[in-house]
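Enquirer: Protein sequence lines correspond, in order, to chains A and B. In terms of the working numbering, the numbers along the first sequence are unbroken and rise by one, the last being 170. In terms of the working numbering, the numbers along the second sequence are unbroken and rise by one, the last being 340. Even for Gly, the Cβ is constructed at its ideal location relative to N, Cα and C.
There are 2 protein chains.
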Amino acid sequence: MDKEIELLHETELFKDLHAEQITEVLSIAREVSFSEGEIIVREGDIGDTMYIILEGSVDVVKSLVMDGMDEDETTGKNKVFTRLSAKDHAVFGEIALLEEFRRTATIKAVTDCVLYEIRKDDFLKLAEWDYALGYRILLNLSRIVSARLRKADEDTIKLTTVLSFILKEI
Amino acid sequence: MDKEIELLHETELFKDLHAEQITEVLSIAREVSFSEGEIIVREGDIGDTMYIILEGSVDVVKSLVMDGMDEDETTGKNKVFTRLSAKDHAVFGEIALLEEFRRTATIKAVTDCVLYEIRKDDFLKLAEWDYALGYRILLNLSRIVSARLRKADEDTIKLTTVLSFILKEI
């Protein structure tokens, strides 16, 4: 158990929880396995689970252009890739703890993988039972999401700037 | 006091709090006034306060292109505007409750305005004293931020799609 507590402690989402609080989180986590090449989460699907990588690596594959403009869901040229592995203390799908969302990326197992899966309903039940725990996790989660929003806003401004240059030229 | 409780109850951020919890929030809110034309929050500044509109209207002015490409901070053509008023139960700057962020928009008083101002440190202190309250507000806040992130991601994909079309043409 100590190894799992240590691992969760290293993630952004659970970083400042006490050992007992992490044990509570582990009590709602289910160990799941995926084989090399399997899709764990598919962009566009509705999801209510988040994952913590225990062993192995995954690719995060995200569309850059709208549906139907690309041939294959994980190999097209209009895609961005990030590789995540157990040693990065990687967590993905965490926004699904808040409400059911369409997945914004496809996650594909690069190697055989072992992950913890946590379901939204189990998380919300635990959080309403131990508000201190719920508060701490949501503070981390909302900071993670805010940082992503800031990044996305910057990307939008960069793209609009490029577009406005191009439209002046043509 | 009942009117204020009712007003906060109508906001996305405080919607499912009990009357006593809203009273706790009101205990850390400070009433502030701005005159017509005054800047309440300036894009790019670091901020640690959020606002709830009690009386009056404000304009939200956001850059579409990077700094230095536009002449005036609230009248340039590369701007988007949204008008918010007391009757919309409008809240702004709420991400500053989480950590000090650069403001992503300028907020300008369109009429004389009365607002509640809540400071990050007061909010975090209250939330750590009443975790149930902190949890409830953070759940609402993180859902608000996630919805914005989803919208920003969609905008990015639309812009990249337009750019990829244009770059194929020229």
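1. Going along the chain, which residues of its own chain have a beta-carbon closer than 8 Å to the beta-carbon of A:Phe197, five neighbours each way excluded?
2. Please state whether DSSP places B:Lys173 in a helix, a strand or coil.
3. Assuming contact is defined by CB atoms lying nearer than 7 Å, are A:Ile90 and A:Leu54 in contact in what I supplied?
4. Within 10 angstroms of its Cβ, does B:Gly304 collect 16 or more other Cβ (buried), or is it exposed?
5. So is A:Leu167 buried or exposed if we call it buried at 16+ other beta carbons inside 10 Å?
6. Taking the alpha carbon of B:Asp282 as the point to measure from, which residue in B:Lys173, B:Ile198, B:Glu190 and B:Ile210 has its own alpha carbon closest?
7. Consult DSSP for B:Asp291 and reduce its assignment to one of helix, strand or coil.
8. Between which two residues does the alpha helix (DSSP H) harbouring A:Thr156 extend?
9. Can you pull the chain A neighbours of B:Phe271, defined as C-beta to C-beta under 8 Å?
10. Residues of chain A with CB closer than 7 Å to the CB of B:Asp325, please, in chain order.
11. Check whether the Cβ atoms of A:Gly93 and A:Tyr51 sit closer than 7 Å, and answer yes or no.
12. Would you identify the three-state DSSP class for A:Ile28, choosing helix, strand or coil?
13. Pairing CB atoms from the stretch 285-302 of chain B with CB atoms from the stretch 188-198 of chain B, are three or more of them under 8 Å?
14. Does B:Ala199 get closer than 7 Å to chain A when you measure Cβ to Cβ?
15. Hey, which unbroken runs of the beta strand (DSSP E) at 3 residues or more fall wholly within the stretch 35-120 of chain A?
16. What does the alpha-carbon distance come out to for the pair B:Ala275 and A:Ala29?
17. Sort A:Ser164, A:Lys151, A:Asp88 and A:Val60 by Cα distance to A:Glu6 and report the nearest one.
18. Can you grab the Cα-Cα spacing for the pair A:Asp122 / A:Phe165, in whole Å?
19. Could you check if A:Phe81 is buried or exposed, using at least 16 other CB atoms within 10 Å of its CB as the buried criterion?
20. Go ahead and label B:Gly214 buried or exposed: buried means 16 or more other beta carbons lie within 10 angstroms of its beta carbon, across all protein chains shown.
21. Less than 7 Å between the beta carbons of B:Val401 and B:Ser205, yes or no?
22. With burial defined as no fewer than 16 other Cβ atoms inside 10 Å of the residue's Cβ, what is the status of A:Gly37: buried or exposed?
23. Roughly how many whole angstroms lie between the Cα atoms of B:Glu180 and B:Val332?
24. What does B:Glu233 touch in chain A if you count any residue whose Cβ is under 7 Å from its own?
25. So B:Val315 and A:Val145 are supposed to be a Cβ contact under 8 Å. How far apart are they, rounded?
26. Can you give me the Cβ contacts of A:Lys15 inside the same chain, cut-off strictly under 8 Å, excluding the 5 residues immediately before and after it?
27. What is the rounded straight-line gap between the Cα of B:Ser233 and the Cα of A:Asp2?
28. Please compile the residues from chain B whose C-beta is within a distance smaller than 8 Å of the C-beta of A:Arg104.
Expert: Per the coordinate set shown:
1. Nothing can be reported for residue 197 of chain A, as the shown portion of chain A is limited to 1 through 170.
2. Residue numbering aside, residue 173 of chain B sits at position 3 when the second sequence is read from its first letter. For B:Lys173, the secondary structure class from DSSP, reduced to helix, strand or coil, is helix.
3. Working through the first sequence from its first residue, we reach residue 90 of chain A at position 90. Working through the first sequence from its first residue, we reach residue 54 of chain A at position 54. Residue 90 of chain A is actually Ala in this sequence, not Ile. A:Leu54 sits away from A:Ala90, with the two beta carbons spaced by 7 Å or more.
4. Residue mapping note: residue 304 of chain B aligns to position 134 of the second sequence, counting from 1. B:Gly304 is classed as buried because its beta carbon has at least 16 other beta carbons within 10 Å across all chains shown.
5. Working through the first sequence from its first residue, we reach residue 167 of chain A at position 167. The C-beta of A:Leu167 has fewer than 16 other C-beta atoms within 10 Å across all chains shown, which makes the residue exposed.
6. Indexing the second sequence from 1 puts residue 282 of chain B at position 112. Of the listed residues, the one whose Cα sits closest to B:Asp282 is B:Ile210.
7. On the second sequence, position 121 is the one that residue 291 of chain B refers to. B:Asp291 falls in the helix class under three-state DSSP.
8. As a position in the first sequence, residue 156 of chain A is number 156, starting the count at 1. Where A:Thr156 is concerned, the enclosing alpha helix (DSSP H) stretches over Tyr131 to Glu169.
9. Stepping through the second sequence from its first residue, residue 271 of chain B is reached at position 101. Those within 8 Å of B:Phe271 in chain A are Ser146 and Arg150.
10. Here residue 325 of chain B refers to the residue found at position 155 of the second sequence. The answer, in chain order, is Thr156.
11. As a position in the first sequence, residue 93 of chain A is number 93, starting the count at 1. As a position in the first sequence, residue 51 of chain A is number 51, starting the count at 1. It is a contact, given that the beta carbons lie within the stated cut-off.
12. Numbered from 1 along the first sequence, position 28 holds the residue referred to as residue 28 of chain A. Coil at A:Ile28, not helix or strand.
13. Yes, they touch.
14. Stepping through the second sequence from its first residue, residue 199 of chain B is reached at position 29. By this cut-off, B:Ala199 is not an interface position.
15. List check, beta strand (DSSP E) in window: 39-41, 49-55, 57-63, 79-85, 106-109 and 113-119.
16. Position 105 of the second sequence, counted from the first residue, corresponds to residue 275 of chain B. Position 29 of the first sequence, counted from the first residue, corresponds to residue 29 of chain A. Taking C-alpha positions only, B:Ala275 is separated from A:Ala29 by approximately 39 Å.
17. Within the first sequence, numbered from 1, the residue matching residue 6 of chain A stands at position 6. Closest by alpha carbon: A:Asp88.
18. As a working mapping, residue 122 of chain A is identified with position 122 in the first sequence. As a working mapping, residue 165 of chain A is identified with position 165 in the first sequence. Rounded to whole angstroms, A:Asp122 to A:Phe165 spans 49 Å at the Cα level.
19. Against the first sequence, residue 81 of chain A aligns to sequence position 81. The residue in question, A:Phe81, is exposed, as its Cβ has fewer than 16 Cβ neighbours within 10 Å.
20. Looking up residue 214 of chain B in the second sequence gives position 44. Label assigned to B:Gly214: exposed.
21. A query on residue 401 of chain B cannot be resolved here, the shown segment of chain B reaching from 171 to 340 and no further.
22. Position 37 of the first sequence, counted from the first residue, corresponds to residue 37 of chain A. That one is exposed.
23. For this step, residue 180 of chain B is matched to residue 10 along the second sequence. For this step, residue 332 of chain B is matched to residue 162 along the second sequence. Each residue's alpha carbon lies about 38 Å from the other.
24. Numbered from its first residue, the second sequence carries residue 233 of chain B at position 63. In the sequence under discussion, the amino acid at residue 233 of chain B is Ser, which differs from the Glu named in the question. Within chain A, the residues whose beta carbon sits less than 7 Å from that of B:Ser233 are Ile157, listed in sequence order.
25. Residue mapping note: residue 315 of chain B aligns to position 145 of the second sequence, counting from 1. Residue mapping note: residue 145 of chain A aligns to position 145 of the first sequence, counting from 1. Right, their Cβ atoms sit about 5 Å apart.
26. Residue numbering aside, residue 15 of chain A sits at position 15 when the first sequence is read from its first letter. For A:Lys15, same chain residues with a beta-carbon under 8 Å away, outside a window of 5 residues either side, are His9 and Asn140 in chain order.
27. For the purposes of this step, residue 233 of chain B is identified with residue 63 of the second sequence, where counting begins at 1. For the purposes of this step, residue 2 of chain A is identified with residue 2 of the first sequence, where counting begins at 1. The C-alpha of B:Ser233 lies about 49 Å from the C-alpha of A:Asp2.
28. What you label residue 104 of chain A is simply residue 104 of the first sequence in a count that begins at 1. Here the sequence assigns Thr to residue 104 of chain A, which means Arg is not the residue at that position. Ordered by position in chain B, the residues that pass the 8 Å Cβ test against A:Thr104 are Arg320 and Asp323.
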